[in-house]
Each structure stands twice: as C-alpha cells, then as structure tokens.
Amino acid sequence: MAAGQGTRLGKGIPKAMLERGGKPLFLESLAVLAALPGMAGGAVVVPEGWEEKAAPWLAAYPAFRVVRGGPQRHDSVWAGLQALPEEVSLVLVHDAARPFLPWDVGERCLAEAAVWGGAVAALPPADTVATVGEGGEVVKVPPRRGLRLLQTPQVFRASLLLKAHRWLREEKPDLEVTDDVGLVLAYLREHPQEEGRIVAVEGSHHLRKITYPWDWDWARDRGRSFRAGLGYDIHRLVEGRPLILGGVTIPHDRGLLGHSDADVLCHAVADALLGAAGLGDIGQHFPDSDPRYHGADSRQLLRRAATMVRDAGWEIASVDSVVVAEAPRLQPYKRAMEGELAKAMGISPSQVSVKATTHEGMGPQGRGEAISAQAVVLLVKREEGAMP
244 MAAGQGTRLG KGIPKAMLER GGKPLFLESL AVLAALPGMA GGAVVVPEGW
294 EEKAAPWLAA YPAFRVVRGG PQRHDSVWAG LQALPEEVSL VLVHDAARPF
344 LPWDVGERCL AEAAVWGGAV AALPPADTVA TVGEGGEVVK VPPRRGLRLL
394 QTPQVFRASL LLKAHRWLRE EKPDLEVTDD VGLVLAYLRE HPQEEGRIVA
444 VEGSHHLRKI TYPWDWDWAR DRGRSFRAGL GYDIHRLVEG RPLILGGVTI
494 PHDRGLLGHS DADVLCHAVA DALLGAAGLG DIGQHFPDSD PRYHGADSRQ
544 LLRRAATMVR DAGWEIASVD SVVVAEAPRL QPYKRAMEGE LAKAMGISPS
594 QVSVKATTHE GMGPQGRGEA ISAQAVVLLV KREEGAMP
C-alpha cells in the first residue's frame, strides 16, 4: 500500500515516493516481499497521478504491477485486490510507509495466516495506554498485558478478505475502519458462521511507520550511505615561487613547484573528494599537460571537485587533513586555511580540520626539500527528494 498522501509528513509528495538512497521508499519493503516463499506477485497501489512515475521502478519485479489507489485506505486495498489473480490463497497487505520489513516477520505472518485465516504483526506497548473522553479526561486504563500495537504485514485468507471488503462496500459504507484487521474482525462478528480468526505474531520495532517529519528523519538516516576518501599530494620546494597552502599565501623563502599554484593541501582534499565519490582523481580531471591549469588557483580546482561530488548525489560531511612540513611554522595559519577550504567546498569551517606536523628530519619533507599533505573526507549520500 503506497497510496497515502503523506499530509502529516509535510513533504509535499506522497511519502512512499520519497527517495532514500536514490530509490522510492516503497521499494524498500517490496524487495523483501517479492522474495518471501510462495509470493506469486502483487499490486503496488499508488496515488492517482503517480502511476507512470512508479511503473519504471517495477521493471525488476515483473510479477508486481502498479495500481491506482482510491480516496480512502479501504478503497486502495479494494483496488489492489481486484488486480490479483483468482487462484491466490493468501493476501498480504503491507504499508509502504513501514519500509524496513524484516524477512522473518513476513514469514511468520504468512505461516500463521495459512493456519488460522489471518495474522498481523504486532508489538506490546511500552507505554501505558488509556481511554480518554472528549474533554481529555482519562476514563480507563486497560491492563497492558492484553494490548498490542498492530503493524503490517496483515495477511488473510484471500476469500475472507474479499468478502469483508465487499461487505464494507455494499452493506456498511459508513463503517469506520483504520486497517484490514479491524475490517475483518467486524465482518466476522456480523457473520459468525464464517470460519477464520486473526492471530497476532511478533512484529518488529524496525516496522516503525513513517507518518511525521521526525519519522522521516529516522528513516532517512537509517542505514544511510557513507563514503570515505583518502587524498595525498607532495611537491618540491623551490626558490622564486610563493608558498600557498589551503588557499593561504604563507611567508617563506621558497614555494612549491607545480603546473598550477602547487597547493598540496587543496590537491589532497580534492583528490579525497573525487576518490570517495568514485570519480577518479585530480590528475584525470585537471592534468598537468593541460595549459588551462597552468598557474591555476587550486581553490578553483577544489571548488569544481566539490561540485562534481554534489552532482553525483553526495554531500560533504567532514574533511580532516594534515600538512607535513619542516618549515615554516603553520600553526598561525590553520584557521585561515580551514576557512578557505570550507569556502571553496561550500561547507562550514566547523566541518574542516587542518593539522600540521614535521617529519622529524626524515625524508624529503624532513630535509626541507618538499611539503606533503594528506586528507580524509566523509561523504553522505543525499537521501531526500521526489522521484524524477
């Protein structure tokens, strides 16, 4: 069931169509449902007007089809039922707004429904539940031991669920029901000769329903994609060149030799960004054989690398770096370097760290022949957005 409008979520589009990891939310649970034992296929019920947008995502699930939903939940379930083949023995109803469906919960619901006629994933409440009157007065506090919070999947014998929905549409159109368990129970009470009962099986806290903005924050960050990248650069010190590190010109008797301004810190950070996003390296995008980059300001190269990373769907979470130089002393310039790097990448200086150290007299850095820099970046996949 992906037909909810998501009004309370406040994102402006149906919540099942929000993207997480570059895919609409309804695909999260569909991937699990499609792999359950005995699953012959099904219907993905979407809001009117979203059929064409949803259909391409089902190419990997040929046994499932897109169906237009109705104004109320029970209308959408009915539309889905009409799309199922007649030989189906069990029907599983699941809310796409509960995207993180554990495999074992789906299996338990199917197994129990095959025996009893109906099964629902459920959890005992952690809080005390009370009945409250219209004026807010607490009227009754029932014992928690007999209470359950109903989730989905909700699985029923196909004939039973069809009869219940037909009864609702033809005889009880004013009956208020919030889910299929409530509807089937009402139908069974009115038709005691009908065989079937609904049992509660152990649900999961992972089946949290995405209803409010804070629910989406939780879902968006759950299992969020991260990428780390490592960058390194080293340049020789020569006379007659300015020393530029992290976009800051630092007084010194020598500068770094290179095709551009030879800013090893900017180069290391740019290389880390590109590597983390799987976009190659700075030598590939800004080769020293290209005259366009002769004497180039490396902050511009870093800015372009950051733009490429964002265009690939990533955001820069943090940058940590270290400059290895025997001289000059870099401590007084660290804050300025952090600011210039942050400005070039379009992030806050609080997300950037620049450290400095020596090589204890060892190697080309220790002998004062070169300066090197290393950088580690963390990227976070941009999660939120509508389907294209």
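Here the sequence shown stands for residues 244 to 631, numbered as in our numbering.
Cβ atoms here follow ideal geometry from the backbone N, Cα and C, with glycine treated the same way.
In the DSSP annotation of this structure, the continuous segment of the alpha helix (DSSP H) that includes Y430 starts and ends at 423-433. Between the beta-carbon of V288 and that of A245 there is about 6 angstroms, and that keeps the pair under the 8 angstroms contact cut. Setting aside the 5 residues that flank it on each side, L405 is surrounded in the same chain by L324, each with a C-beta closer than 7 angstroms to its C-beta; the list follows chain order. The count of Cβ pairs closer than 8 angstroms, one atom from the stretch 498-512 and one from the stretch 472-482, reaches three, so the stretches are in contact.
Per the Cβ contact rule, the stretch 507-525 is in contact with the stretch 614-623 (3 or more Cβ pairs under 8 angstroms). Sorting M260, P280, G609, D417 by C-alpha distance to the C-alpha of P299 places M260 at the top. Annotation for R341: S272, Q394, T395, L450, R451, K452, I453 place their beta carbon closer than 8 angstroms to its own, counting only its chain and skipping 5 residues before and after. Sorting I559, W293, V595, S564 by C-alpha distance to the C-alpha of L622 places I559 at the top. Our two residues, A520 and V358, have alpha carbons roughly 50 angstroms apart in a direct line. A straight line joining the alpha-carbon of G255 with that of W321 spans about 26 angstroms. The beta carbon of H317 is closer than 7 angstroms to those of H408, L411, V420, L426 in its chain, skipping five residues each way along the sequence.
A straight line joining the alpha-carbon of H510 with that of L545 spans about 7 angstroms. Within the same chain, and ignoring the five residues on either side of G490 in sequence, the residues whose Cβ sits closer than 6 angstroms to its Cβ are R542, E583.
Non-local beta-carbon contacts of E294 in its own chain, meaning distances under 7 angstroms to residues more than five positions away in sequence, involve V309, R311 in chain order. P435 is classed as exposed because its beta carbon has fewer than 16 other beta carbons within 10 Å across all chains shown. By the Cβ test, the stretch 438-445 is in contact with the stretch 351-371, since at least three Cβ pairs between them sit closer than 8 angstroms.
Less than 8 angstroms separates the beta-carbon of V375 from that of V382.
Every unbroken stretch of the beta strand (DSSP E) spanning 3 or more residues and falling wholly within the stretch 387-415 is given here in chain order: 392-400. Each of R391, E380, P386 was checked against the Cα of A365, and the nearest Cα belongs to R391. Within the same chain, and ignoring the five residues on either side of A339 in sequence, the residues whose Cβ sits closer than 7 angstroms to its Cβ are M244, A245, A259, L268, F269, S272. Going by beta carbons, P575 and A585 fall outside the 8 angstroms limit.
As a beta-bridge residue in DSSP terms, I614 pairs with H478. Non-local beta-carbon contacts of T600 in its own chain, meaning distances under 7 angstroms to residues more than five positions away in sequence, involve V565, V567 in chain order.
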